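Numbering-wise, the sequence shown is residues 1 to 287 according to the UniProt record's numbering.
Positions of the beta carbon are idealized from the N, C-alpha and C atoms, including for glycine.
In this text, all values refer to a predicted model and were calculated from it rather than measured experimentally.
Heads up: the structure comes next, in C-alpha coordinates.
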Amino acid sequence: MIDSDTGSTVPRWRLGRELAKLREQSGLKTAQIESRTGFSRSKIYRMETGKSPSRRADVEILCQIYQAPARLAKALTALASETTKTGWWHSYGDVIPEWFELFAGMEAYAESMDIYEPELVTGLLQTHDYAYDVMSTADANGDDEEIERHVDLRLARQARLTGEEAPRLHVILNEAVIRRPVGGPTSMAEQLRHIINVSHRDNVTVRVLPFSVGVHAAMLAGFTYLRFPDRLVPDVVYHDTRTGALYLDKAAQRKSYRQMWRDIDTRALDPAASRDMMATAAKEYET
(Lines of atoms letter the chains of each structure in order from A and count residues from 1; the text may use other names and numbers.)
(Lines give C-alpha, C1' and ligand atoms only; values in the text may rest on other atoms or scores of the structure.)
Protein backbone atom coordinates (compact mmCIF):
# COMPACT_ATOMS: atom_id res chain seq x y z
CA MET A 1 0.00 0.00 0.00
CA ILE A 2 1.24 3.50 -0.84
CA ASP A 3 1.86 5.77 2.13
CA SER A 4 -0.73 8.52 2.58
CA ASP A 5 1.98 11.20 2.46
CA THR A 6 2.35 10.46 -1.24
CA GLY A 7 -1.28 11.39 -1.85
CA SER A 8 -3.43 9.95 -4.61
CA THR A 9 -1.33 10.96 -7.62
CA VAL A 10 0.66 7.76 -8.13
CA PRO A 11 -2.28 5.43 -7.32
CA ARG A 12 -4.45 7.26 -9.87
CA TRP A 13 -1.70 7.08 -12.48
CA ARG A 14 -0.98 3.42 -11.85
CA LEU A 15 -4.67 2.43 -11.77
CA GLY A 16 -5.34 4.37 -14.97
CA ARG A 17 -2.47 2.62 -16.78
CA GLU A 18 -3.79 -0.80 -15.77
CA LEU A 19 -7.36 0.00 -16.76
CA ALA A 20 -6.24 1.31 -20.15
CA LYS A 21 -4.16 -1.82 -20.68
CA LEU A 22 -7.11 -4.06 -19.81
CA ARG A 23 -9.39 -2.13 -22.16
CA GLU A 24 -6.94 -2.51 -25.03
CA GLN A 25 -6.52 -6.23 -24.33
CA SER A 26 -10.29 -6.73 -24.23
CA GLY A 27 -10.71 -5.37 -27.75
CA LEU A 28 -13.87 -3.55 -26.71
CA LYS A 29 -14.78 -0.28 -28.37
CA THR A 30 -15.49 2.76 -26.21
CA ALA A 31 -19.13 2.73 -27.32
CA GLN A 32 -19.46 -0.89 -26.16
CA ILE A 33 -17.99 -0.01 -22.76
CA GLU A 34 -20.35 2.94 -22.42
CA SER A 35 -23.32 0.70 -23.25
CA ARG A 36 -22.35 -2.06 -20.81
CA THR A 37 -21.39 0.17 -17.89
CA GLY A 38 -23.42 3.33 -18.30
CA PHE A 39 -20.18 5.29 -17.93
CA SER A 40 -19.65 8.31 -20.13
CA ARG A 41 -16.69 8.54 -22.47
CA SER A 42 -15.28 11.40 -20.35
CA LYS A 43 -15.54 9.31 -17.16
CA ILE A 44 -13.59 6.46 -18.73
CA TYR A 45 -10.99 8.96 -19.94
CA ARG A 46 -10.66 10.53 -16.48
CA MET A 47 -10.20 7.14 -14.85
CA GLU A 48 -7.54 6.07 -17.35
CA THR A 49 -5.62 9.33 -17.14
CA GLY A 50 -5.86 9.67 -13.37
CA LYS A 51 -7.66 13.00 -13.63
CA SER A 52 -10.09 12.07 -10.87
CA PRO A 53 -10.54 9.51 -8.07
CA SER A 54 -12.02 6.12 -8.97
CA ARG A 55 -14.78 4.42 -6.98
CA ARG A 56 -14.18 0.79 -6.00
CA ALA A 57 -17.53 -0.21 -7.50
CA ASP A 58 -16.65 1.41 -10.84
CA VAL A 59 -13.31 -0.40 -10.98
CA GLU A 60 -15.04 -3.70 -10.18
CA ILE A 61 -17.45 -3.16 -13.06
CA LEU A 62 -14.67 -2.43 -15.53
CA CYS A 63 -12.63 -5.40 -14.36
CA GLN A 64 -15.66 -7.63 -14.93
CA ILE A 65 -16.35 -6.51 -18.48
CA TYR A 66 -12.62 -6.57 -19.31
CA GLN A 67 -12.45 -10.11 -17.86
CA ALA A 68 -9.47 -9.19 -15.69
CA PRO A 69 -7.86 -12.08 -13.75
CA ALA A 70 -9.33 -12.32 -10.23
CA ARG A 71 -6.04 -11.49 -8.52
CA LEU A 72 -5.49 -8.38 -10.66
CA ALA A 73 -9.10 -7.26 -10.23
CA LYS A 74 -8.75 -7.52 -6.45
CA ALA A 75 -5.52 -5.50 -6.49
CA LEU A 76 -7.00 -2.77 -8.70
CA THR A 77 -10.13 -2.53 -6.57
CA ALA A 78 -7.96 -2.06 -3.49
CA LEU A 79 -5.90 0.52 -5.36
CA ALA A 80 -9.07 2.50 -6.07
CA SER A 81 -9.29 3.25 -2.34
CA GLU A 82 -5.91 4.97 -2.55
CA THR A 83 -7.09 7.40 -5.24
CA THR A 84 -8.94 9.67 -2.80
CA LYS A 85 -6.04 10.49 -0.48
CA THR A 86 -4.59 13.98 -0.35
CA GLY A 87 -0.86 14.65 -0.60
CA TRP A 88 0.91 17.40 1.35
CA TRP A 89 1.40 19.47 -1.82
CA HIS A 90 -2.34 19.96 -2.31
CA SER A 91 -2.12 22.81 0.20
CA TYR A 92 -0.18 24.61 -2.54
CA GLY A 93 -2.97 24.14 -5.05
CA ASP A 94 -3.03 27.87 -5.75
CA VAL A 95 0.45 27.77 -7.29
CA ILE A 96 1.07 24.18 -8.39
CA PRO A 97 0.19 23.57 -12.07
CA GLU A 98 -1.76 20.45 -12.98
CA TRP A 99 1.08 19.04 -15.09
CA PHE A 100 3.45 19.23 -12.09
CA GLU A 101 1.10 17.52 -9.64
CA LEU A 102 1.90 14.08 -11.08
CA PHE A 103 5.61 14.69 -10.59
CA ALA A 104 5.06 15.86 -7.00
CA GLY A 105 3.36 12.55 -6.26
CA MET A 106 6.05 10.55 -8.02
CA GLU A 107 8.80 12.43 -6.21
CA ALA A 108 7.09 11.76 -2.87
CA TYR A 109 6.87 8.03 -3.65
CA ALA A 110 10.23 7.44 -5.38
CA GLU A 111 12.89 5.30 -3.72
CA SER A 112 15.65 6.77 -5.89
CA MET A 113 16.13 9.66 -8.31
CA ASP A 114 18.94 10.23 -10.79
CA ILE A 115 18.96 13.90 -11.82
CA TYR A 116 21.02 15.64 -14.48
CA GLU A 117 20.86 19.44 -14.57
CA PRO A 118 22.66 21.33 -17.35
CA GLU A 119 21.78 24.92 -16.39
CA LEU A 120 20.38 25.33 -12.85
CA VAL A 121 20.71 23.72 -9.45
CA THR A 122 18.00 21.07 -9.10
CA GLY A 123 15.03 22.23 -7.03
CA LEU A 124 15.72 19.70 -4.27
CA LEU A 125 19.05 21.42 -3.56
CA GLN A 126 18.16 25.09 -4.01
CA THR A 127 18.42 27.68 -1.24
CA HIS A 128 15.64 30.21 -0.67
CA ASP A 129 17.49 33.10 -2.34
CA TYR A 130 18.56 31.04 -5.33
CA ALA A 131 15.03 29.69 -5.80
CA TYR A 132 13.52 33.17 -5.45
CA ASP A 133 15.78 34.57 -8.17
CA VAL A 134 14.95 31.68 -10.50
CA MET A 135 11.21 31.99 -9.86
CA SER A 136 11.07 35.76 -10.15
CA THR A 137 12.96 35.63 -13.44
CA ALA A 138 10.72 32.89 -14.84
CA ASP A 139 7.56 34.79 -13.81
CA ALA A 140 8.39 38.45 -14.31
CA ASN A 141 4.73 39.42 -13.84
CA GLY A 142 4.26 37.54 -10.56
CA ASP A 143 3.92 39.49 -7.31
CA ASP A 144 6.17 38.85 -4.30
CA GLU A 145 3.54 36.85 -2.43
CA GLU A 146 2.94 34.49 -5.33
CA ILE A 147 6.65 34.01 -5.94
CA GLU A 148 7.20 33.27 -2.26
CA ARG A 149 4.49 30.61 -2.44
CA HIS A 150 6.33 28.96 -5.32
CA VAL A 151 9.59 29.11 -3.35
CA ASP A 152 7.88 27.69 -0.24
CA LEU A 153 6.61 24.76 -2.32
CA ARG A 154 10.09 24.10 -3.68
CA LEU A 155 11.65 24.18 -0.22
CA ALA A 156 8.88 21.98 1.22
CA ARG A 157 9.74 19.29 -1.33
CA GLN A 158 13.24 19.12 0.17
CA ALA A 159 11.90 17.68 3.44
CA ARG A 160 11.64 14.37 1.59
CA LEU A 161 15.45 14.06 1.70
CA THR A 162 15.55 13.92 5.50
CA GLY A 163 12.27 12.19 6.28
CA GLU A 164 11.53 8.54 6.92
CA GLU A 165 12.36 6.29 3.98
CA ALA A 166 14.21 9.15 2.29
CA PRO A 167 15.05 8.41 -1.34
CA ARG A 168 18.53 7.92 -2.71
CA LEU A 169 19.37 11.08 -4.63
CA HIS A 170 22.09 11.05 -7.27
CA VAL A 171 22.66 14.46 -8.89
CA ILE A 172 25.03 15.38 -11.69
CA LEU A 173 25.41 19.11 -12.35
CA ASN A 174 26.94 20.48 -15.49
CA GLU A 175 29.85 22.77 -14.58
CA ALA A 176 27.86 25.67 -16.08
CA VAL A 177 25.52 25.37 -13.07
CA ILE A 178 28.22 26.35 -10.60
CA ARG A 179 29.69 29.04 -12.86
CA ARG A 180 26.45 30.96 -13.39
CA PRO A 181 25.98 33.53 -10.54
CA VAL A 182 22.24 33.20 -9.96
CA GLY A 183 21.10 35.85 -7.48
CA GLY A 184 24.53 37.48 -7.36
CA PRO A 185 27.91 36.37 -5.95
CA THR A 186 26.87 36.19 -2.29
CA SER A 187 23.75 34.17 -3.02
CA MET A 188 25.70 31.84 -5.30
CA ALA A 189 28.42 31.23 -2.73
CA GLU A 190 25.74 30.36 -0.17
CA GLN A 191 24.07 28.05 -2.68
CA LEU A 192 27.27 26.14 -3.41
CA ARG A 193 28.08 25.71 0.29
CA HIS A 194 24.56 24.41 0.83
CA ILE A 195 25.04 21.78 -1.88
CA ILE A 196 28.34 20.74 -0.31
CA ASN A 197 26.68 20.33 3.09
CA VAL A 198 23.75 18.32 1.73
CA SER A 199 26.08 16.10 -0.32
CA HIS A 200 27.54 14.69 2.91
CA ARG A 201 24.25 12.96 3.73
CA ASP A 202 24.31 9.20 3.29
CA ASN A 203 21.44 9.21 0.78
CA VAL A 204 22.69 12.12 -1.34
CA THR A 205 25.45 12.19 -3.96
CA VAL A 206 26.28 15.32 -5.94
CA ARG A 207 28.85 15.34 -8.74
CA VAL A 208 29.99 17.87 -11.31
CA LEU A 209 30.34 17.15 -15.02
CA PRO A 210 33.29 19.40 -15.96
CA PHE A 211 33.59 21.35 -19.20
CA SER A 212 36.73 19.34 -19.94
CA VAL A 213 34.71 16.22 -20.86
CA GLY A 214 33.63 17.94 -24.07
CA VAL A 215 30.61 16.54 -25.90
CA HIS A 216 28.54 14.02 -23.94
CA ALA A 217 25.33 12.02 -24.36
CA ALA A 218 23.09 14.35 -22.29
CA MET A 219 23.83 17.60 -24.12
CA LEU A 220 20.23 18.31 -25.18
CA ALA A 221 18.37 18.61 -21.86
CA GLY A 222 18.24 17.78 -18.19
CA PHE A 223 16.09 14.98 -16.84
CA THR A 224 15.03 13.11 -13.71
CA TYR A 225 14.95 9.31 -13.70
CA LEU A 226 12.68 7.96 -10.94
CA ARG A 227 12.46 4.44 -9.50
CA PHE A 228 9.72 3.28 -7.14
CA PRO A 229 9.53 0.71 -4.33
CA ASP A 230 6.54 -1.01 -5.96
CA ARG A 231 7.95 -2.98 -8.90
CA LEU A 232 4.57 -2.89 -10.61
CA VAL A 233 5.12 0.85 -11.05
CA PRO A 234 7.56 1.33 -13.95
CA ASP A 235 10.54 3.64 -13.82
CA VAL A 236 9.71 7.08 -15.21
CA VAL A 237 11.79 9.76 -16.92
CA TYR A 238 10.60 13.30 -16.21
CA HIS A 239 11.33 16.35 -18.36
CA ASP A 240 9.94 19.76 -17.46
CA THR A 241 9.51 22.75 -19.73
CA ARG A 242 8.28 26.29 -19.20
CA THR A 243 4.64 25.34 -19.70
CA GLY A 244 4.42 21.59 -19.21
CA ALA A 245 6.18 18.30 -18.73
CA LEU A 246 6.92 14.96 -20.35
CA TYR A 247 6.57 11.64 -18.52
CA LEU A 248 8.36 8.83 -20.36
CA ASP A 249 7.88 5.24 -19.23
CA LYS A 250 8.16 3.02 -22.31
CA ALA A 251 10.95 0.44 -22.18
CA ALA A 252 12.84 1.91 -25.14
CA GLN A 253 12.67 5.40 -23.64
CA ARG A 254 13.91 4.22 -20.26
CA LYS A 255 16.76 2.32 -21.90
CA SER A 256 17.84 5.40 -23.84
CA TYR A 257 18.00 7.55 -20.71
CA ARG A 258 19.84 4.87 -18.73
CA GLN A 259 22.46 4.88 -21.49
CA MET A 260 22.71 8.67 -21.26
CA TRP A 261 23.05 8.48 -17.49
CA ARG A 262 25.81 5.86 -17.72
CA ASP A 263 27.75 8.10 -20.10
CA ILE A 264 27.75 11.15 -17.82
CA ASP A 265 28.06 9.01 -14.68
CA THR A 266 31.37 7.58 -15.89
CA ARG A 267 32.71 11.01 -16.85
CA ALA A 268 31.63 13.22 -13.94
CA LEU A 269 34.07 14.08 -11.16
CA ASP A 270 33.89 11.91 -8.06
CA PRO A 271 32.02 13.36 -5.04
CA ALA A 272 35.16 14.63 -3.27
CA ALA A 273 36.56 16.33 -6.37
CA SER A 274 33.12 17.81 -7.06
CA ARG A 275 32.96 19.30 -3.55
CA ASP A 276 36.45 20.73 -4.04
CA MET A 277 35.41 22.39 -7.30
CA MET A 278 32.28 23.87 -5.69
CA ALA A 279 34.22 25.06 -2.64
CA THR A 280 36.77 26.79 -4.87
CA ALA A 281 33.98 28.41 -6.90
CA ALA A 282 32.29 29.60 -3.68
CA LYS A 283 35.52 31.29 -2.56
CA GLU A 284 35.85 32.97 -5.94
CA TYR A 285 32.32 34.36 -5.62
CA GLU A 286 33.18 35.75 -2.19
CA THR A 287 36.30 37.62 -3.33
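When only Cα atoms are considered, R193 and E34 end up about 58 Å apart. Annotation for L192: the continuous alpha helix (DSSP H) segment containing it runs 185–198. For P69, the closest C-alpha among the options R46, S81, S26 is that of S26. For the options R56, T86, G87, the alpha carbon positioned closest to that of A75 is the one of R56.
Non-local C-beta neighbours of T77 in its own chain, meaning closer than 6 Å and more than five positions away in sequence, comprise R56, V59, E60, ordered along the chain. Annotation for E117: the continuous beta strand (DSSP E) segment containing it runs 112–117. The C-alpha of K250 is placed about 12 Å away from the C-alpha of R17.
Counted as a single uninterrupted DSSP element, the beta strand (DSSP E) harbouring T224 occupies residues 223–227.
No Cβ-Cβ contact shorter than 8 Å links T127 with S8.
Distance from the CA of I195 to the CA of L125, rounded to the nearest whole angstrom, comes to 6 Å.
Closest in C-alpha terms to T243, from the list Y116, C63, E111, A138, comes A138. Ranked by how close their Cα comes to the Cα of D270, the residues D240, V171, L246 have V171 in first place.
One Cα belongs to F100, the other to P181, and the distance between them is close to 27 Å. Secondary structure note for T205: its beta strand (DSSP E) is the uninterrupted segment 204–209. Comparing alpha-carbon positions, the option among N174, V95, S112 lying closest to D143 turns out to be V95.
Contact between the stretch 108–118 and the stretch 224–242 is present: three or more C-beta pairs spanning the two stretches fall below 8 Å.
The stretch 275–282 makes contact with the stretch 199–218: 3 or more CB pairs, one atom from each, lie closer than 8 Å. Contact check for V121 against Y130 passes: the beta carbons are separated by less than 8 Å. V233 and E286 have their C-alpha atoms spaced approximately 46 Å apart. Shown here for W13: same chain residues with a beta carbon closer than 7 Å to its own, the five before and five after excluded, namely G50, L102 in chain order.
A distance of 8 Å or more separates the beta carbons of Y66 and R36.
Where V236 is concerned, the enclosing beta strand (DSSP E) starts and stops at 236–240. Taken through DSSP and simplified to helix, strand or coil, V95 comes out as coil. Under the DSSP definition of a beta bridge, A245 partners with D240.
Assignment of beta-bridge partners to N174 by DSSP yields L209. Between W261 and D114, the gap from beta carbon to beta carbon is short of 8 Å. Residue pairing by DSSP places L19 in no beta bridge whatsoever. For the set E117, T186, S199, R160, the Cα lying nearest the Cα of A176 is the one of E117.
Minimum Cα-Cα distance from W88 among the listed residues K21, S42, G38, R160 corresponds to R160. In its chain, beyond the 5 residues on either side, Y132, M135, S136, D139 have a beta carbon closer than 8 Å to the beta carbon of I147. Nearest in C-alpha terms to Q253, of all of D265, R231, D235, is D235.
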